[in-house]
Structure formats: structure tokens, C-alpha cells
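Chains as they are written, first to last, in the numbering used here: chain Z, 1 to 332; chain G, 333 to 658; chain D, 659 to 734. Heads up, the beta-carbon is just placed ideally off N, CA and C, and yes, glycines get one too. First comes the structure, then the notes that go with it.
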Amino acid sequence: MSTETKAPANINLIQALNWALHDAMEADENVIVFGEEVADPEGGGVVKISSGLSTKYGSRVRSTPISEMGFMGAAVGAAVVGMKPVVEIMLMNFVAVCMDQITNHAAKLRFMSGGQTHVPMVIRTMTGSGIQNGGQHSDFLEAWFCHTPGIKVVMPSNPVDGYGLLRSAIDDPDPVLFVEHLKSYFAPGIAPERGSKIPLGKARIHKAGTDVTVIGYSRSMLDIPPVAAKLQAEGISCEVIDLRTVSPLDMETILTSVKKTGRVVVVHEAVKSFGVGAEISARIHEALFKELKAPVQRVASNDSPVPYAPPLEAAFLYSHADIEAAIRRTLA
Amino acid sequence: MNTYQPDSETLVDIYRKMTLIKQSDDRVIGAMKAGRMRMPYYSARGQECIPAAISVLLTDEDYLVTIYRGVHDMLAKGLPAKLLWAELAGKATGSCKGKGGPMHLTYPSKGCMVTTGIVGSSMPIACGLGLASQLRGEKRVTIANFGDGASNIGAFHESLNLAAVWKLPVIFVCQNNQYAEHTSYSKGTSVAKISDRAVSYCIPGLHVDGNDPIAMYSAAKTAIERARSGEGPTLIEAMTFRFNGHLIGDMGEYIPKAEYAAAVAADPYPKYRSWLLETKQASEADLDAIDLAIRAEIDEAEAFAMSSPPPDAIEVKRDVYAYEIA
Amino acid sequence: MSTEIILPKIGFSMDEGTIAEWMAADGASVEKGQPLYSLESEKSVQEIEAPVSGTLKILKGTGESYPVGTVIGEIA
């Protein structure tokens, strides 16, 4: 993949993330990349996000054994002494076999050491339903990590954010879980400006509006805009917020919007119960209960494992009609 | 494995470290029984020789990772007794500001990088420390301590494999005290010797009497030289025994009385002292002076810990991230 | 100056303990390190030694359960 600085007008998220890794490795020799199949002889990653890195940076880029607990711990250890590992977990469900290193170590060492050590690492992973990968290759598990103090959770939805957020995640002094969505990979978008970083913890107003605040991130940012556009034609003005960073939450942007609209819908692909939507809803109710014109609505996936058969997959995930109905409920 | 004969100065240094570990341990338990300190304390009494003999071969640059039963490893590597005691007491002046406690001791300036309370988790982290040194072209080695029980968890196997594949400068030190919490070795472990498991990863596996300072020193030197010269990892199984159960309050009912009595009779600490005197490596006066100096050091550490202030409540907001949380 | 004898925490989940027996009498002279009382907690009984030498004053009797941290006696 190209490492030229002259950007084409439109690229996809895969290319943007590849640029970010190339640029980060070029900028800081402490940046190292490892994970299953990430080096060029093994294909440069399942969807080629790490393509070209090992050819250019040699032993700083390594394909690992299928040994997530081992190499996740190795990332923690390397980070403790100032390396900046970007470690890839091929699919998000596989975090379950290395949770100990993420939640007990990466997230806690700064605190438990009284600030003597810290863990500047990035865990990149991808996931998403809708491509018949079934119950162990499709989950959105971000709530597990949002519930873990000490780690940040970043979930980009487009190439510009993907590039800028990954650069910032690599620069960040604390561990960052960086979740990519399979369906977002191939959606074309505006090319990022090389070197342009986007701060973590800052949401983006995707579309300004006055009637309803619709909050999404990652995959739901593919689904919310068409619904918002449809309702706009009826005169319903949605303000669409892309969180970009899910933890820590940008409550300032959220509350500013909700003060204006008084109505909120949160949309995410992760299952509904005990999820990010619940946290956002709770915080909004705590801060702006009297200013709300309707209860906060959540649109999310069915509380079941991700199914295999296409009709079941369709029934698992929310639909555009669900988003539309939730928005209309806030206006009723 | 070669047998190396350390010089008298090194032998006395090993004694000094063993004395520091033993006296500190005795005094911590005394303070706990007197009600002056409360903590989940996993005594390493009986295992002093292992870190003492290893650490005389290390510099401050070398990395150490250990586990909840790791106070001995940390003291031997150079964690100052004062900072240890203040941490155990949960004081603001502790090495981790009272935020870690006995299971999370850390002191990077002496290479004490991580203490984990999770069985087996020291080893993957050690691989990462070794990877960092390897990529930077440094000569540092990393010592990964763990117990016999940890050799049955996946992290052990993944780490040995990864370290072998990448030829990482890591020495895996299994301190085999023969009990995984309350379960005896043979009930939980399929092999007669944990060191035999090294064969699966095509790395050397050294089985050694961890209570014999010369044998322990020789094994450690062999492994450290191999790691420093870029040849990769070694697994050392150091046989030992813990005298104070899994944690303080454990009365050891699951240990056969004869087995316990035999282990205590073979206590490596007085045995080593006698050996030093018999072989004239040191005089009684020399060793007495060391004992007294360490007694003073622990007196000072205890007084420092007891007189130090507790952490301020604001500390729960700090060190979660680089910035203070709201 | 007297030294307080504090009911210790010497078990994983211990938050209280029972004095099974005082092994020295109230008012007796005790030596540092001698068995002072036996403590019953979490199914185990263990002997606790005198932390210092001096004259024992018993403040809490046997058979009753006290929280960890209770001053059960003094040595003056």
C-alpha cells in the first residue's frame, strides 16, 4: 500500500489506518506493531491494514503465534518500558482470551504502581455483524472496556477520523482500545490529511440540528445519516453526533446538544442491555432531567448472541426503521 | 549447566540479601500478629535463597517481574525496605503511594517493573520487557518469577513459546514451593519436573535446588549469560518450600506434618550461615555485623512506615489516566 | 508507656476473632515472644506472642468475638 504523502481524494478506512500506522512508525521508532498475520509475508493483516509495514520497518513489525494472552502481555511489558506497541487482535471476540492482560494489567498498572509506570499501547481490533460470521466473530464488546477505568475506547466511523484518532491513540500515554467495524472498512470517504491528529475524548457534530439529538459511533454512523436525511425532508431536524471516542465520553458536546433539542436517541450495534446507550442515557437524565422533552431512547441489537442465518442476523441488528421509530417516539 | 564458585564477597552479598528478606518477613508477620499492620501477606520465608542468588548477577538495568509472593524478589532486586514497608502499611510514602500494596510492588529505578496478583501473568509481561531490550539492542535481561502452580496456566506455555520463537532475553524462574495455594504439586501437575516442560519449547530447562546458593547462582549465571548473548530464554525450576503457608493465617493443615518438619529442618537460612562460617567465607563477626545492620534497616523501615501519613483521598482520582479524573 | 494488644487480621477474610484462651494471667509479668493468647478465627486457632515485655492488663475476656482492631489488652 502506498506511503506517499499525496492523498487521493477518496479512500477507505483500511487505507487511512494503513497510512496512520506508516506515519506513526516513521515518526517514532518506539512504535512497534504485532499481531497475527500482520507482517507482509503473512499478508499484512487480514484486511491488509498493516500492509507494507514489515517490509519497511523490519523487526519492529512481527506476526505472532496465535497466542493472544502471550502477545497481549508482551505488549504490556514493552509499553511499561516506553515502547509504543500497536497490537492487533484479529477479531474483537478474541479479547476474551486475553482479558487478564488488558483489564488487570494494561488498564491498572499506572494506578497500582502509584504512577511509576504506565502503559502506552493501542489494541486494534475489528468486529461487526451482518457477514454471517456467527456468535464468536461478530460481537461489539466495547462496554466491557468502558466499564474498566484506566483504558480508553475509540471507535471511528470514517477514514478521516480513523487516521487522526489512531495517530492520537498511539501518542496517548495510556492504553487505548481501538475498535474498527468490518462494514465501515470499505465505505469510501474523504481522505485524511497526513499528520492531522484528532484529539481523543472529543465527539464530532456530524450534522447540526434542532429537534432531536441522535448519538452514534462506529457502524451506527453508517445508519443514522440516511434516516436523519429522510426525516429532514419532513421537517424533523436531527443533530447527529459521532462520539468517535466512547470512553471517556465527551459529555460537554452531548449535553450542549441536548440542552438545545431536549430529545435524545442513542444508536449502537452492541446489544442493548447494560450498554453504552444505558450509560449515556443515565448521564443525560442526571444532568438534564427537567429539560428533557421525552425519555432518552436506545436503539441497539437484540440481547442474544449474534446469529448466523441472514434473516436472523437481520432480526438481531436494529433496522433503519427502528432508528426512525425511536426518533419519532421522542417527538410524540 | 556449569557449576560456578562465587567469590567470598558475592557469597556474603547473597547472605546479606537473604538476611534482609528473612528479617523483613519475620518483622512483617510480627507486626501483623501484634495488630499493627493488616494486609493479605504471602510470606516467602524459606524461599530467600532464590532471589538472593539470582540478584547478585543482575544490575539495576535488568528487569524483574514477580507475583503476589514476591516481596523477597523485590527486596533482593533493590526495592528499599523503607518504601516496601510504607507500601505494605498503605502509606502515602510507599513505593506505590499506598495504591498497590503487597501484591503490586513496583520500583522501576531498580528494575522492579511489575508485581502481579494474577497467577501466571508475570510471564507474558516479561516477554514484552525482553522484546523491548531486544529491539533496542540492549544487554538487559528480564527475570520472570512465578510459582509451580503457574506452570499449569496458559500464560506459562504461551510465554515460553513466544520467548523461544523470538529468542527473547528472558529467564523464567519457577520457584517450586510444592504447593499451589493448598493443592500439592502432584495433584495439579502432570510432569515430575516443571523444567521438563522446557523441552516442548526447545529451550534449556534447568532443575536446581533453589535452597542451595551455589547451585542457584550457577543456574542463574548459565541462563543470564545465555540471555545476554542473544541466545534466548531459559526455564529454571528452583526447588524450595514456603514455611508460612499460602498467606498469613493459613495454618497449613493440608501439608503432611513430616513433610513440613523436614522442610523446616532444612531451612536454607541457618544452613547457609553455618556453611559460610565452616568454609571460612566470612567470620561470625562479619555476619553478626550484617545481621545488626539489617536489623537497624528494618527498624528504620518500620518506624518510617508507621510514622508516615496515609494517602490523601484525592489519590483515587490520580494515576487512573495521565490526567486527574473528575 | 503501655503497648496496646490489638486483635490482628491474620486470615484472608477475617474481620473478627475470638480469644480462646489468655495464656498469661491479668497482672502477670510477660516476656516479649512468649505465647500470650490463642486466637480463634476462620476455623483455625493460633497462638499469638507478646509483642513486648511488661505487665499484662487484660481488657477483653475469652469466648466472645471481637472485631479486628479491638484493643484486647495492654502491656505496661
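Query - CA-to-CA distance, R244(Z) to T253(Z), given in whole angstroms - result: 12 angstroms
- Query: When DSSP labels each residue in this structure, what does L320(G) get in the three-state scheme?
  - Reply: Residue 320(G) falls outside the range modelled here, since chain G spans only 333 to 658, and no answer is possible.
Quick one: which unbroken beta strand (DSSP E) runs of 3-plus residues sit fully inside the region 216 to 303 of chain Z? Chain order, please. Within the region 216 to 303 of chain Z, the complete beta strand (DSSP E) runs of at least 3 residues are 238 to 242, 245 to 247, 264 to 271, 297 to 301.
Does any C-beta atom of chain D lie closer than 8 angstroms to the C-beta of A633(G)?
-> no
Report task. Using a Cβ cut-off of 7 angstroms, pull out every chain Z residue sitting near P440(G), in sequence order please. Result -> Chain-ordered, the chain Z residues with CB closer than 7 angstroms to the CB of P440(G) read Q116, T117.
Does the beta carbon of P284(G) sit closer than 8 angstroms to a beta carbon anywhere in chain D? This structure cannot speak to residue 284(G), because chain G is shown only from 333 to 658.
Kindly say whether R368(G), judged by its beta-carbon, lies nearer than 8 angstroms to any beta-carbon of chain D. yes
List the residues of chain G whose Cβ lies closer than 9 angstroms to the Cβ of G727(D), in chain order.
G367, R370
| said: Considering just the uninterrupted stretch of the beta strand (DSSP E) at F178(Z), what are its terminal residues? | reply: It spans 176 to 181 - the beta strand (DSSP E) in which F178(Z) sits, taken as one unbroken run.
What residues are listed by DSSP as bridge partners for Y511(G)? S516(G)
- Nearest-angstrom Cα distance between S2(Z) and W19(Z)? Low confidence applies to S2(Z): its pLDDT is 45, below 50, so where it sits in the model is not reliable, and the reading given next is rough at best. In a straight line, the C-alpha of S2(Z) is about 8 angstroms away from that of W19(Z).
At the level of alpha carbons, what is the spacing between V648(G) and K431(G)? 8 angstroms
Selection from S247(Z), I327(Z), S301(Z) that minimises the alpha carbon distance to T261(Z) | I327(Z)
request  = Compute the beta-carbon to beta-carbon distance between A366(G) and I664(D), rounded to the nearest angstrom, for a pair I have assumed lies under 8 angstroms.
outcome  = 7 angstroms
Using CA atoms only, rank isn't needed, just tell me which of E393(G), L538(G), D358(G), I353(G) is closest to L461(G). E393(G)
Tell me which residues of the region 343 to 368 of chain G have at least one Cβ-Cβ distance to chain D shorter than 8 angstroms, keeping chain order. G362, M364, K365, A366, G367, R368
Worksheet item: From E4(Z) to N10(Z), what does the alpha carbon distance come to, in whole angstroms?
Response: Confidence is the limiting factor: at E4(Z) the pLDDT is only 48, short of 50, which leaves the residue's position unreliable, though a coordinate-based value still follows. Computed Cα separation, rounded: 15 angstroms.
Can you look up V523(G) in the DSSP assignment and give me helix, strand or coil?
coil
In angstroms, rounded to a whole number, what distance separates the CA positions of I457(G) and V729(D)?
-> 44 angstroms
Q) Leaving out five residues before and five after A24(Z) in sequence, what residues of the same chain have Cβ atoms less than 7 angstroms from its Cβ? A) V31, R167, I170
Next on the checklist: If the criterion is Cβ atoms closer than 8 angstroms, does the pair L222(Z) and K183(Z) meet it?
Outcome noted: yes
Count the CB pairs spanning the region 307 to 315 of chain Z and the region 126 to 133 of chain Z that are closer than 8 angstroms, and state whether there are at least three. The answer is yes - the region 126 to 133 of chain Z touches the region 307 to 315 of chain Z, with three or more Cβ pairs under 8 angstroms.
Strictly below 7 angstroms CB to CB, what residues from chain D border L579(G)?
F670
Notebook entry, point to check: What does G52(Z) pair with, by DSSP beta-bridge criteria?
Noted result: In DSSP, G52(Z) forms no bridge with anything.
- Of the residues that make up the region 50 to 76 of chain Z, which ones have a beta carbon closer than 9 angstroms to any beta carbon in chain G? S59, R60, R62, T64, P65, S67, E68, M69, G70, F71, M72, G73, A74, A75, V76
Practice task
Determine whether the Cβ of D651(G) lies closer than 8 angstroms to any Cβ atom of chain Z.
Solution key: Answer yes: the Cβ-Cβ gap between D651(G) and chain Z drops below 8 angstroms somewhere.
- prompt: Using a Cβ-Cβ distance under 8 angstroms, would M663(G) count as near chain D?
  reply: Lying before the first or after the last residue shown, residue 663(G) is absent from chain G, which here runs from 333 to 658.
With DSSP as the reference, label E700(D) as helix, strand or coil.
coil
message = For the alpha helix (DSSP H) containing V360(G), name the first residue and the last one.
response = 340 to 365
Query raised in the report: In chain G, what lies closer than 9 angstroms to L700(D) by C-beta?
Result: Per the sequence presented here, residue 700(D) reads as Glu, with Leu not at that position. Here the neighbours are G581.
Q.
Give me the chain Z residues within the contact set of N493(G), using Cβ-Cβ distance strictly less than 8 angstroms, ordered along the chain.
A. P65, S67, G70
Original post:
Count the other CB atoms within 10 Å of the CB of M659(D); is the residue buried (16 or more) or exposed (fewer)?
Top reply: exposed
Stretch-stretch touch, CB-based, cutoff 8 angstroms, three pairs: the region 467 to 478 of chain G with the region 415 to 427 of chain G:
no
Quick one: which unbroken alpha helix (DSSP H) runs of 4-plus residues sit fully inside the region 460 to 499 of chain G? Chain order, please. 486 to 497
Counting contacts by CB-CB distance shorter than 8 angstroms, is G130(Z) in contact with chain G? no
Beta bridge counterpart(s) of K152(Z) as assigned by DSSP: V176(Z)
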